[in-house]
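Read through the structure below, which is laid out as structure tokens, and then see the notes.
In our numbering, the protein residues as written are 3 to 234.
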């Protein structure tokens with residue numbers, strides 16, 4: 003919220019500066035206690051993200067940056083508290099670097115945004131025809147936002163077959179498994195492929211097996227192939 007509102011950013015900065023200058027007026031525990039809590043949160047987060055990196059199999063090197071940043075931020079804050087240094091800058095730096103790594107590297111990898119690749123193709127071509135997705139939930143909205151176009155959500159094989167019955171050029175995004183199961187004989191061309199994270203169903207008797215890091219890593223890293231297809 004701070005980057006979008008200069009007034010709030012200035013007021014927040016003045017608040018932190020005032021608390022740091024007069025910690026006795028900020029409450030019984032003062033400003034340093036909240037900084038200690040922040041440092042502990044960063045330390046715990048670094049341990050949890052480190053475990054997450056260990057569980058995931060064959061991940062990009064960029065993802066190792068987040069636990070390192072969190073741990074370094076926790077140590078930096080602890081050092082600043084013990085040394086009596088200014089605390090506003092270390093907190094701001096630690097949180098800024100952490101959020102940059104989280105939003106720039108971690109979330110795109112974990113969430114796997116395949117619609118970005120497909121939307122880029124649509125936008126470059128300046129395509130104006132019908133676009134649809136089949137059983138892909140929120141990906142329909144994401145593709146619509148990235149292209150600025152209306153994207154139809156299809157729920158059944160009958161709806162897909164009706165959508166394909168046209169002389170216009172169309173685009174369809176569908177899972178590989180759905181395509182091979184219901185529509186493999188349809189005359190459609192695969193333009194691009196991408197991966198999304200799959201959501202395997204876990205039975206109650208399989209929950210104890212999730213403590214096996216190798217098995218858990220395979221579940222978290224499992225993916226499905228998406229087809230970006232056209233009839234022309």
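Built from N, CA and C at the ideal position, the CB exists for glycine as well.
- C-alpha gap between residue 165 and residue 234, whole angstroms: The count along the chain shown starts at 1 and reaches residue 165 at position 163. The count along the chain shown starts at 1 and reaches residue 234 at position 232. Their backbone Cα atoms lie some 14 angstroms apart in a straight line.
- Item | Inter-residue Cα distance where the pair is residue 95 and residue 53 | Counted from its first residue, the chain shown places residue 95 at position 93. Counted from its first residue, the chain shown places residue 53 at position 51. The alpha-carbon atoms of residue 95 and residue 53 are separated by roughly 24 angstroms.
- Beta carbon of residue 1, beta carbon of residue 142: below 8 angstroms? Because the chain is modelled from 3 through 234, residue 1 falls outside the range shown and cannot be assessed.
- Item | Supposed close pair residue 48, residue 73 - CB separation, criterion 8 angstroms | Counted from its first residue, the chain shown places residue 48 at position 46. Counted from its first residue, the chain shown places residue 73 at position 71. Right, their Cβ atoms sit about 4 angstroms apart.
- Query: Are the beta-carbon atoms of residue 136 and residue 192 separated by less than 8 angstroms?
  - Reply: Against the chain shown, residue 136 aligns to sequence position 134. Against the chain shown, residue 192 aligns to sequence position 190. No, these two residues do not count as a Cβ contact at 8 angstroms.
- Buried or exposed (CB count within 10 angstroms, at least 16 for buried), residue 121: On the chain shown, residue 121 is found 119 positions in, with the first residue counted as 1. Residue 121 should be labelled buried.
- Task: Taking only heavy atoms of the ligand ZN into account, decide whether any of them is closer than 7 angstroms to the Cβ of residue 174.
- Result: The ligand ZN is not part of this structure, which contains no ligands at all.
- With 16 other Cβ atoms within 10 Å as the buried cut-off, status of residue 103: Here residue 103 corresponds to residue number 101 of the chain shown, with the count starting at 1. Buried: at least 16 other Cβ atoms inside 10 Å.
- Item | When 40, 41, 124 are compared against residue 146, the one with the closest alpha-carbon | As a first step, residue 146 is located in the chain shown; it is residue number 144 there, counting from the start. Checking every option, the nearest Cα to that of residue 146 belongs to 124.
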